[in-house]
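*Asks:* Please see the structure below; I have some questions.
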Amino acid sequence: MGPEVGELEAKLAQFVAVQHCVSCANGTDALLMALMAYGIGNGDAVFVPSFTFIATAEIVPLLGATPIFVDIDPTTFNLNPAHLEDLLNSFPQKFSNLKPRAIIPVDLFGQPADYNEIMSIAKKNGLMVIEDAAQSFGATYFGKRAGALGDSATTSFFPAKPLGCYGDGGAIFCADEAYAATLKSVRVHGQGKQRYEHIRIGINGRLDTLQAAILLAKLEIFEEELSLRDKVARRYNELLKGKDIVTPVIGSERTSAWAQYSLLSSKRDTCMEALKAAGIPAVVYYPIPLHLQKAFSHLGYKKGSLPVCEKIAGEIFSLPMHPYLDAPTQERIVRGLERVTG
Ligand SMILES: *Cc1c(COP(=O)(O)O)cnc(C)c1O
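First residue of the sequence shown? That's 0 in numbering that gives the first Met the number 0, and the numbers climb one at a time after it.
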């Protein structure tokens, strides 16, 4: 928590154009702290998409609350607002003893979720919206930056994210001053006005000064890296045109931070084998939707519960993506796929 941490928080808040940024140790702590500061706990229902990284959902039962998994849109892979509404309409009959409290939409692979719809559903139902912007830092939605799209937002600076440090780091963004003050207290063991006075349960959520210094330097070239990522994505789109494969779809009035460039193929496993044979490191994000993970088996979801998540998890894979990928390398990657895609 050296001087670079405060400097970084001010610069990140300015970049996102929100009032407050509270840095923390990683993106998972950011989500945990965001829920703790809203007082989420026993008996609370928190809506999360099932097609995301485990961190989005695992912090919910950690606090004694219950995740309710929402299906996704088949083209953007983000939370489907219509399914969210269906689930809310089934309260309290289907979920007795649970009180709907919050939604955590995820901006998957770098593309913001459908916040116009989600915020209006949240308002109608009195729910908090916590944007999981771990993969979308730098993206935009109707001219606003990711990190400014919910009541609060969290991000991660893990090296594989669009703005990465050299280890772990994270941050929470919000407009509300009292909420920011609570987050700062939660970050240091629920500290009160004085040291060794604790007014709530908290954690050790501090960001290392070393990582803050690295992020300050990397933030200087971040806009340029975002436009380079966009160029790499466009080049993939061009190279893959006319092939038997579904390239990413970015909704209108939004840009992606391109954490991943993710494709769909009904012959996904053959694609992965072909890429592996060509020495290309492709990865499947994510092979098992969260509602079918053993860790959540006590919630009683079955195969077929969330059909879109399940279909996408069987067809998706991601090609190498970073700002410095050059045209010859991308051509080699696409050639590696041609045995399958034509
Ligand atoms: C990476 C990631 C997180 C967690 O971030 P960490 O810094 O690794 O703890 C949370 N949500 C999503 C969607 C992520 O991709």
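All C-beta atoms in this analysis are idealised placements derived from N, C-alpha and C, irrespective of residue type, glycine included.
Checking 8 angstroms against the spacing of the C-beta atoms, do I71 and F50 come in under that value?
*Replies:* In contact: I71 and F50 (Cβ atoms closer than 8 angstroms).
*Asks:* Alpha helix (DSSP H) containing R233: first to last residue?
*Replies:* Note, R233: alpha helix (DSSP H), 221-239.
*Asks:* Going by alpha carbons, who is nearest to Y153 out of A174, F141, I129?
*Replies:* Checking the displayed sequence, the identity of residue 153 turns out to be Thr instead of Tyr. It is I129.
*Asks:* Using only the alpha-carbon positions, how far apart do E330 and A159 sit?
*Replies:* Cα-Cα distance, rounded: 23 angstroms.
*Asks:* Put L209 into one of helix, strand or coil per three-state DSSP.
*Replies:* Looking at L209 - three-state DSSP - the assignment turns out to be helix.
*Asks:* Along the beta strand (DSSP E) that carries S22, what are the first and last residues, could you check?
*Replies:* Residues 19-23.
*Asks:* Report yes or no: do three or more beta-carbon pairs, one from the region 94-111 and one from the region 131-148, lie closer than 8 angstroms?
*Replies:* Result yes; three or more Cβ-Cβ pairs closer than 8 angstroms.
*Asks:* What I want to know is whether the C-beta of A138 ends up closer than 7 angstroms to one or more non-hydrogen atoms of ligand 1.
*Replies:* A138: no, Cβ never under 7 angstroms from ligand 1.
*Asks:* Measure how close the beta-carbons of I343 and I332 come, nearest whole angstrom, since I'm counting them as under 8 angstroms.
*Replies:* This structure does not reach residue 343, given that the chain is present from 0 up to 341, and the question cannot be answered.
*Asks:* CB-CB under 8 angstroms to A16, same chain, minus the five flanking residues each way: which ones, in chain order?
*Replies:* Contacts found: K143, R144, A147.
*Asks:* Measuring CB to CB, does L318 end up less than 8 angstroms from Y195?
*Replies:* No, Cβ-Cβ distance for L318 and Y195 is not below 8 angstroms.
*Asks:* Identify which residue in L78, V4, G26 has its Cα closest to the Cα of V307.
*Replies:* When each option's Cα is compared against that of V307, the closest is L78.
*Asks:* Could you check where the beta strand (DSSP E) with R100 kicks off and where it finishes?
*Replies:* Counting along the chain, the beta strand (DSSP E) containing R100 begins and ends at 98-102.
*Asks:* Just list the beta strand (DSSP E) runs in the region 109-173, keeping only unbroken ones of 3 residues or longer that don't cross its boundaries, in chain order.
*Replies:* With a minimum length of 3 residues, the continuous beta strand (DSSP E) runs that stay inside the region 109-173 are 127-131, 151-155, 169-173.
*Asks:* Got a sec: does ligand 1 put a non-hydrogen atom nearer than 7 angstroms to the Cβ of N124?
*Replies:* No, ligand 1 has no heavy atom inside 7 angstroms of this Cβ.
*Asks:* Using a Cβ-Cβ distance under 8 angstroms, would N115 count as near chain D?
*Replies:* Among the chains of the structure shown, chain D does not appear; only one protein chain is present.
*Asks:* Determine the contact status of C45 and I103, defining contact as a CB-CB distance below 8 angstroms.
*Replies:* For the record, residue 45 in the displayed sequence is Val; it is not Cys. Result yes, Cβ atoms of V45 and I103 sit closer than 8 angstroms.
*Asks:* How about the region 244-263 and the region 26-36: do they share at least three Cβ pairs that are nearer than 8 angstroms?
*Replies:* In short, these stretches do not touch, since the Cβ pair count stays below three.
*Asks:* Rounded to whole angstroms, what is the Cα-Cα separation between G166 and Q210?
*Replies:* In a straight line, the C-alpha of G166 is about 7 angstroms away from that of Q210.
*Asks:* Mapping DSSP to helix, strand and coil, what is I71?
*Replies:* The answer is strand: DSSP assigns I71 an E or B state.
*Asks:* Give me whichever residues DSSP pairs with N203 in a beta bridge.
*Replies:* According to DSSP, N203 bridges with V187.
*Asks:* Could you check if T328 is buried or exposed, using at least 16 other CB atoms within 10 Å of its CB as the buried criterion?
*Replies:* Answer is exposed; the Cβ neighbour count stays below 16.
*Asks:* Kindly identify the DSSP beta-bridge partner or partners of D43.
*Replies:* Answer is K98.
*Asks:* Sort out for me which residues DSSP pairs V245 with in a bridge.
*Replies:* According to DSSP, which records beta bridges pairwise, V245 is partnered with L263.
*Asks:* Determine the closest residue to I249 out of F141, A64, A9, with distance taken between C-alpha atoms.
*Replies:* Out of F141, A64, A9, F141 has the C-alpha closest to the C-alpha of I249.
*Asks:* Just how far apart, CA to CA, sit A36 and D150?
*Replies:* About 12 angstroms.
*Asks:* Among the candidates R253, Q13, T139, F157, whose CA atom is the shortest distance from the CA of C173?
*Replies:* With distances taken between Cα atoms, C173 lies closest to Q13.
*Asks:* L62 by DSSP, collapsed to three states: which one?
*Replies:* Correct three-state label for L62: coil.
*Asks:* Determine the DSSP secondary structure at L215, reduced to helix, strand or coil.
*Replies:* Helix, per DSSP.
*Asks:* Secondary structure at R253, three-state DSSP: helix, strand or coil?
*Replies:* It is a strand residue.
*Asks:* Pick out whichever of S265, K240, A281, L262 has its Cα sitting closest to the Cα of M271.
*Replies:* With distances taken between Cα atoms, M271 lies closest to A281.
*Asks:* Cβ of Q292 within 7 angstroms of any heavy atom in ligand 1?
*Replies:* Result no, Cβ not under 7 angstroms from ligand 1.
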